[in-house]
Amino acid sequence: MSAPIYDRVALIGLGLIASSMGHAMKKWGLARSIAGHAKTEATRAAALELGFCDEVFATAAEAADGADLVVLAVPVGAMGAVAAEIGPHLKLGATVTDVGSVKQAVIEAVAPHLRAGIEFIPGHPLAGTEHSGPRSGFATLFQNRWCLIIPGEASPEAVARLRALWEGMGSNVEEMDAAHHDLVLAVTSHTPHLIAYTMVGVADHLRRVTESEIIKYSAAGFRDFTRIAASDPTMWRDVFLTNKEATLDILGRFTEELFMLQRAIRMGDGEELFDYFTRTRAIRRGIIEAGQDTAAPDFGRTKVDEK
Numbered sequence: 003m004s005a006p007i008y009d010r011v012a013l014i015g016l017g018l019i020a021s022s023m024g025h026a027m028k029k030w031g032l033a034r035s036i037a038g039h040a041k042t043e044a045t046r047a048a049a050l051e052l053g054f055c056d057e058v059f060a061t062a063a064e065a066a067d068g069a070d071l072v073v074l075a076v077p078v079g080a081m082g083a084v085a086a087e088i089g090p091h092l093k094l095g096a097t098v099t100d101v102g103s104v105k106q107a108v109i110e111a112v113a114p115h116l117r118a119g120i121e122f123i124p125g126h127p128l129a130g131t132e133h134s135g136p137r138s139g140f141a142t143l144f145q146n147r148w149c150l151i152i153p154g155e156a157s158p159e160a161v162a163r164l165r166a167l168w169e170g171m172g173s174n175v176e177e178m179d180a181a182h183h184d185l186v187l188a189v190t191s192h193t194p195h196l197i198a199y200t201m202v203g204v205a206d207h208l209r210r211v212t213e214s215e216i217i218k219y220s221a222a223g224f225r226d227f228t229r230i231a232a233s234d235p236t237m238w239r240d241v242f243l244t245n246k247e248a249t250l251d252i253l254g255r256f257t258e259e260l261f262m263l264q265r266a267i268r269m270g271d272g273e274e275l276f277d278y279f280t281r282t283r284a285i286r287r288g289i290i291e292a293g294q295d296t297a298a299p300d301f302g303r304t305k306v307d308e309k
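Shown next as structure tokens:
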């Protein structure tokens, strides 16, 4: 067990990521105490029952009061309001971070509410499942997954401390600027999710195929589309509204590729299709070789035995 990196950590929002952070910090002794906040009493009760929080509060301000690290784990669209609430209650020298999938919009929403003397280091763990809520978290979620942090104007000491926390939870950590983060995630996460939602929507609109047939005959491709299309709708609504420019840029590029493939199919250009699929298969194999996924149907996201 490691020495504590932070004395008191406040988790604002207690869904998959925050609950997994709580479990991981408990498992490896990375925080002396963990406070939590969620809107509903049921979620707060679950956090105490599951043991990833030592205490829970009905307001974000109470949870953040006196914390050395405050983690904003709420939908991107709600972060500005939460920052405004907790801002006056943050102790000098505290670090505020987040786990949102968009960074420029989070910086614009949160930074104005943090006074001088507060370290703001946006972050994004590239880990998750299609499940949500406090009961979906587990300590090993971040093992060998990347966490991207945006140092901005934070002190090197605060950045190093936050990096140590993520590394202590098993993450590989890399620093980058907000604009580059949002472009990269538009390619690797945001646009794929939008395409998945769209493909499931197309199947829903094919009225000559019954719902039972879609479920009964779902092969691996459609099954995997439905997996990521099952993700939290509030989170993904906010992602697309706040990372609009990068997502639209990548969607435009995707459409161009799709038109190219459409033409190859229409013209019977088997060589073009074969070459294209060969190149793209190599990318998939590279992801597996990098340890960021497995060839198994569950995508390597089953809970690891934590005993």
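With this note's numbering as the guide, the letters of the sequence shown map in order to residues 3 to 309.
Just so you know, even glycine gets a beta-carbon here, dropped at the ideal spot from N, CA and C.
- DSSP, reduced to helix, strand and coil, places Val76 outside both helices and strands of the structure shown, so it counts as coil.
- Look at Leu250 here: in three-state DSSP terms it is helix.
- Excluding its 5 nearest sequence neighbours in each direction, Ser173 has C-beta neighbours in its own chain below 7 Å: Pro127, Phe144, Arg147, Trp148, Cys149, listed in chain order.
- In this structure, His183 and Ile230 do not form a Cβ contact; the two beta carbons are roughly 20 Å apart against a cut-off of 8 Å.
- Contact between the stretch 59-73 and the stretch 236-254 is absent, with fewer than three C-beta pairs closer than 8 Å.
- If you draw a straight line from the Cα of Ala26 to the Cα of Thr193, it is about 30 Å long.
- A residue is called buried once 16 or more other Cβ atoms fall within 10 Å of its Cβ, and Glu259, having fewer, is exposed.
- Rounded to whole angstroms, the separation of the alpha carbons of Leu243 and Met178 is 22 Å.
- Three or more beta-carbon pairs separated by less than 8 Å are not found between the stretch 53-63 and the stretch 161-172, which leaves the two stretches without contact.
- Within the stretch 181-210, the complete alpha helix (DSSP H) segments of 4 residues or longer fall at 193-207, listed in chain order.
- For secondary structure counted as the alpha helix (DSSP H) over 4 or more consecutive residues, the stretch 103-150 holds these complete runs in sequence order: 106-112.
- Across the structure, Asp271 and Thr280 are spaced so that their CA atoms are roughly 14 Å apart.
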